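Enquirer: If you're matching them up, the sequences are chains A and B in order.
Be aware that the first sequence starts at -2, since it is given in this note's numbering, and climbs by one per residue.
Be aware that the second sequence starts at -2, since it is given in this note's numbering, and climbs by one per residue.
We treat Cβ as the ideally placed atom computed from N, Cα and C, and that holds for glycine.
The structure displayed is predicted, hence computed values, not measured ones.
2 protein chains.
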Amino acid sequence: MPHIRVPVTRRERQREATYDEIVAAAEELLDEGADLSLRAVAAKMGLTAPALYRYVANYQELVDLVAFELDKSATAQWAAAADRYPADDPAARLVVAAACFRNWALSKPRQFALIFANPIAAGDTDRRDLLTVSTSGHFFTDLIWQVWELYQFPFPALDELDPVVREAVLEPLIPAKSEHIPIEDRGLMWIYMRAWSALYGVVTLESTGHCDPRVIASGQLFRATVVDWLEPLGLAAEGDRLTKVLDEELATAR
Amino acid sequence: MPHIRVPVTRRERQREATYDEIVAAAEELLDEGADLSLRAVAAKMGLTAPALYRYVANYQELVDLVAFELDKSATAQWAAAADRYPADDPAARLVVAAACFRNWALSKPRQFALIFANPIAAGDTDRRDLLTVSTSGHFFTDLIWQVWELYQFPFPALDELDPVVREAVLEPLIPAKSEHIPIEDRGLMWIYMRAWSALYGVVTLESTGHCDPRVIASGQLFRATVVDWLEPLGLAAEGDRLTKVLDEELATAR
DNA sequence: CAGTTTCGTTAACACTGTTTACGGTAAACG
DNA sequence: CGTTTACCGTAAACAGTGTTAACGAAACTG
């Protein structure tokens, strides 16, 4: 018995369609530059506000819903760009995906903030669970895994890791497609976390605007961060080729 | 003639006191776990909401006001901790300040978000100016300058930098106490930007909770990021001593 | 003292999220 | 087939939010 049931009855299909409409209305709202509000979403659908409470328990759940879907469609966008490079060139794919992520974050800062800068309280397990299934997280983990399969860069052994971190890489809560990574190779997850932290950092800094606008426009801060990560990922030999790929992708932004 | 006038008349003193009271009320509100609202601040001061419009033009300006003051008092806190190490040991001071910044961000996530994750639109020059005078930015730049004075780590020459970045380091808009840095040494600002970007990244990731809570608790992600920056700052030889200082400071958080 | 600036008020508007009680309609069941 | 039940929407209301307008009193200024 599958855990996620595919909608069969007419009512279930209708309900599913309404969820899609909610997300669509929310995306329109964000694209118009307005901020996401439950009432505005309802109005745009031709409903009254309380009607939405048949679909989400509260405002936070609405935000999480559209954040999840936005993340999904944005990731699909980056993945499509990465697919311009062959499957046996995961390094190029990773670099391109990172650059796309950055360009997207700059062009849609409110969407970025909704997904990646939305505070998650320490005790809130429900919202953290949502993070665990985040599409972008799975996407980037998988790319790093593919890079490792090809380049075999070093990563810490399990007994080298801090005990608490060891637990975390063995039983991950964070978004990561780690099932197909052998348990003894889970030290790789530590590399993923560190690389993601670095990527997340620059992109957040640039997207929120806490940075000199000229530096953002130049793309040099982002570029330097990515270049610094080529060596730890075993891509030093490919450096020149990959920075060229990176620069090409960054140039598409302006 | 000084640009910032010291309040002389009775009215001006009164007005200044009211600003202080506004900030105090806002801080109380945040500490209580409520979110910052103009009406709530007014109510806590025994005023009606429209009265506050005699002091701030709109809500955003209120936010910026308390963000600026919060940044100032938080920085004072980190500086006091750094002062536990002698003035001729700027490396230890820098490490301690970074750790304090991180501990503060974890213990006061709403305050952190207010100051450092508050989106600044690309065109908004007024709010960007506020950023320029941010206390924490000046504080960290000055520390890195002091570290350089002692350890003389390498930094890019002006003609090695991207032209746009060169402009940015010569005429900085970002928060940085760069006046006393000789023009030919302004490449140092690039190191500052990169180091700040790295620090900002991990701390934002941890403070907003977009990370495995166990990893946050372990402090290893932050530790690794700081350790990676010892070498570029010419502190490789001092590595053992400084990581010990770092670990001691991190231990005070739990 | 008269005039003016400053600081606060009340009232109102247009929005938020959320709960309540109430219908109507469509699916499900005997 | 008819009856029942569950679902989906409504209107009304409450407690909030930021913001503007018109007005009054008190405090400084000539």
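Of the residues G30(B), A96(B) and V242(B), which one's Cα is nearest the Cα of G216(B)?
Expert: Counting from 1 along the second sequence, the entry for residue 216(B) is found at position 219. Selected option, being the one with the closest Cα: A96(B).
Enquirer: Report the residue from L26(B), G206(B), A31(B) and L140(B) whose alpha carbon sits nearest the alpha carbon of V92(B).
Expert: Here the question's residue 92(B) lines up with position 95 in the second sequence. Of the candidates L26(B), G206(B), A31(B) and L140(B), the one whose C-alpha sits nearest the C-alpha of V92(B) is L140(B).
Enquirer: At 7 Å on the CB atoms, spell out the chain A contacts of Q312(B), in chain order.
Expert: This structure cannot speak to residue 312(B), because chain B is shown only from -2 to 251.
Enquirer: With a threshold of 16 other CB atoms inside 10 Å of the CB of R81(B), please say whether the residue is buried or exposed.
Expert: Within the second sequence, the letter at position 84 stands for residue 81(B). Label assigned to R81(B): exposed.
Enquirer: Starting from the beta carbon of D209(B), find every residue of chain A whose beta carbon is closer than 8 Å, and list them in chain order.
Expert: Taking the second sequence and counting its residues from 1, the one referred to as residue 209(B) is at position 212. Neighbours of D209(B) on chain A, chain order: A165, P169, L170, I171 and M190.
Enquirer: Grab me the residues of T132(B)'s own chain with a C-beta within less than 6 Å of its C-beta, minus the 5 sequence neighbours each way, in chain order.
Expert: Translated into positions along the second sequence, residue 132(B) becomes position 135. By the criterion of a C-beta distance shorter than 6 Å, T132(B) is surrounded in its chain by D68, K69 and T72, once the five residues flanking it on both sides are discounted.
Enquirer: Just reading off the alpha helix (DSSP H) that Q11(B) is part of, what are its end residues?
Expert: In the second sequence, counting from the first residue as 1, residue 11(B) sits at position 14. Per DSSP, Q11(B) belongs to the alpha helix (DSSP H) from R7 to D28.
Enquirer: Can you tell which of A154(B), R7(B) and G134(B) has the C-alpha that lies nearest to the C-alpha of F113(B)?
Expert: Here residue 113(B) corresponds to residue number 116 of the second sequence, with the count starting at 1. Ranking the options by Cα distance to F113(B), first place goes to G134(B).
Enquirer: Classify Y148(B) as helix, strand or coil using the three-state DSSP reduction.
Expert: The sequence position of residue 148(B) within the second sequence is 151, counting from 1. DSSP places Y148(B) in helix when its eight states are reduced to three.
Enquirer: From the beta carbon of T205(B), is the nearest beta carbon of chain A less than 8 Å away?
Expert: Here residue 205(B) refers to the residue found at position 208 of the second sequence. At a cut-off of 8 Å between beta carbons, T205(B) contacts chain A.
Enquirer: Helix, strand or coil for D61(A), going by three-state DSSP, please let me know.
Expert: Counting from one through the first sequence, the residue named residue 61(A) turns up at place 64. Residue state, collapsed to three classes: helix.
Enquirer: Helix or strand or just coil, what does DSSP make of S131(A)?
Expert: Looking up residue 131(A) in the first sequence gives position 134. Looking at S131(A) - three-state DSSP - the assignment turns out to be coil, as it is neither helix nor strand.
Enquirer: What number of angstroms, rounded off, separates the C-alpha of I180(A) from the C-alpha of W187(A)?
Expert: For this step, residue 180(A) is matched to residue 183 along the first sequence. For this step, residue 187(A) is matched to residue 190 along the first sequence. If you take the alpha carbons of I180(A) and W187(A), they lie about 13 Å apart.
Enquirer: Tell me which same chain residues have a C-beta within less than 7 Å of the C-beta of V20(A), skipping the five on either side of it?
Expert: Position 23 of the first sequence, counted from the start, is the residue given in the question as residue 20(A). Excluding its 5 nearest sequence neighbours in each direction, V20(A) has C-beta neighbours in its own chain below 7 Å: L62, V63 and E66, listed in chain order.
Enquirer: Straight-line CA distance for A84(A) to H177(A)?
Expert: Here residue 84(A) refers to the residue found at position 87 of the first sequence. Here residue 177(A) refers to the residue found at position 180 of the first sequence. In a straight line, the C-alpha of A84(A) is about 18 Å away from that of H177(A).
Enquirer: Nearest chain A C-beta to L202(B) closer than 8 Å, yes or no?
Expert: Translated into the one-based positions of the second sequence, residue 202(B) becomes position 205. Closer than 8 Å to some Cβ of chain A, the Cβ of L202(B) qualifies, so yes.
Enquirer: What residues in the segment 105 to 119 of chain B have a beta carbon less than 8 Å from any beta carbon of chain A?
Expert: P106, R107, A110, F113, A114, N115, P116, I117, A118 and A119
Enquirer: So, is the C-beta of G198(A) closer than 8 Å to a C-beta in chain B?
Expert: For the purposes of this step, residue 198(A) is identified with residue 201 of the first sequence, where counting begins at 1. Output row for G198(A): interface = yes.
Enquirer: Just the chain B side, please: which residues come within less than 7 Å of L27(A) by C-beta, in chain order?
Expert: On the first sequence, residue 27(A) is found 30 positions in, with the first residue counted as 1. Neighbours of L27(A) on chain B: none; closest Cβ ~13 Å, over 7 Å.
Enquirer: I'd like to know whether the C-beta atoms of I117(B) and L128(B) end up nearer to each other than 8 Å.
Expert: By one-based count along the second sequence, residue 117(B) stands at place 120. By one-based count along the second sequence, residue 128(B) stands at place 131. Taking 8 Å as the Cβ cut-off, I117(B) and L128(B) qualify as a contacting pair.
Enquirer: Within 10 angstroms of its Cβ, does V130(A) collect 16 or more other Cβ (buried), or is it exposed?
Expert: Counting from one through the first sequence, the residue named residue 130(A) turns up at place 133. Exposed, by the Cβ-count rule.
Enquirer: Secondary structure at K241(A), three-state DSSP: helix, strand or coil?
Expert: Position 244 of the first sequence, counted from the start, is the residue given in the question as residue 241(A). DSSP places K241(A) within a helical segment (H, G or I) once states are collapsed to three.
Enquirer: Along the segment 126 to 150 of chain A, where does the CB come closer than 8 Å to a CB of chain B? Name the residues.
Expert: L128
Enquirer: For M42(A), which three-state DSSP category applies?
Expert: Locating residue 42(A) in the first sequence gives position 45, counting from the first residue. Coil.
Enquirer: Cα-Cα, which of L230(B), V161(B) and T122(B) is closest to H207(A)?
Expert: For the purposes of this step, residue 207(A) is taken as the residue at position 210 of the first sequence. Looking at the Cα atoms, T122(B) is the closest of the given residues.
Enquirer: Could you give the residue range of the alpha helix (DSSP H) that holds C97(B)?
Expert: Translated into the one-based positions of the second sequence, residue 97(B) becomes position 100. C97(B) -> alpha helix (DSSP H) spans P87 to S104.
Enquirer: Just how far apart, CA to CA, sit V199(B) and G43(A)?
Expert: Mapped onto the second sequence, residue 199(B) falls at position 202. Mapped onto the first sequence, residue 43(A) falls at position 46. Near 43 Å, if we compare the C-alpha coordinates of G43(A) and V199(B).
Enquirer: CA-CA distance, T138(A) and A22(B)?
Expert: On the first sequence, position 141 is the one that residue 138(A) refers to. On the second sequence, position 25 is the one that residue 22(B) refers to. Near 45 Å, if we compare the C-alpha coordinates of A22(B) and T138(A).
Enquirer: Go through its chain and collect everything with a Cβ distance to Q11(A)'s Cβ below 8 Å, but skip five positions before and after it.
Expert: Counting from 1 along the first sequence, the entry for residue 11(A) is found at position 14. Around Q11(A): no qualifying Cβ.
Enquirer: Report yes if the C-beta distance between L202(A) and S194(B) is below 8 Å; otherwise report no.
Expert: Numbered from 1 along the first sequence, position 205 holds the residue referred to as residue 202(A). Numbered from 1 along the second sequence, position 197 holds the residue referred to as residue 194(B). Taking 8 Å as the Cβ cut-off, L202(A) and S194(B) qualify as a contacting pair.
Enquirer: Grab me the residues of G184(B)'s own chain with a C-beta within less than 8 Å of its C-beta, minus the 5 sequence neighbours each way, in chain order.
Expert: In the second sequence, the residue the question calls residue 184(B) occupies position 187. The beta carbon of G184(B) sits closer than 8 Å to the beta carbons of F152, P153, A154, L155, E157, L158 and V166 from its chain, once the five residues preceding and following it are set aside; these are given in chain order.
Enquirer: What is the rounded straight-line gap between the Cα of Y189(B) and the Cα of D182(B)?
Expert: If you number the second sequence from 1, residue 189(B) lands on position 192. If you number the second sequence from 1, residue 182(B) lands on position 185. Approximately 12 Å between the Cα atoms of the pair.
Enquirer: Would you mind telling me which residues of chain A sit closer than 8 Å to A221(B), beta carbon to beta carbon, in chain order?
Expert: Taking the first residue of the second sequence as position 1, residue 221(B) is located at position 224. The answer, in chain order, is R191.
Enquirer: With distances taken Cα to Cα, identify the nearest neighbour of L49(B) among A76(B), L26(B), L35(B) and V223(B).
Expert: The residue given as residue 49(B) occupies position 52 in the second sequence. The candidate whose alpha carbon is nearest that of L49(B) is L35(B).
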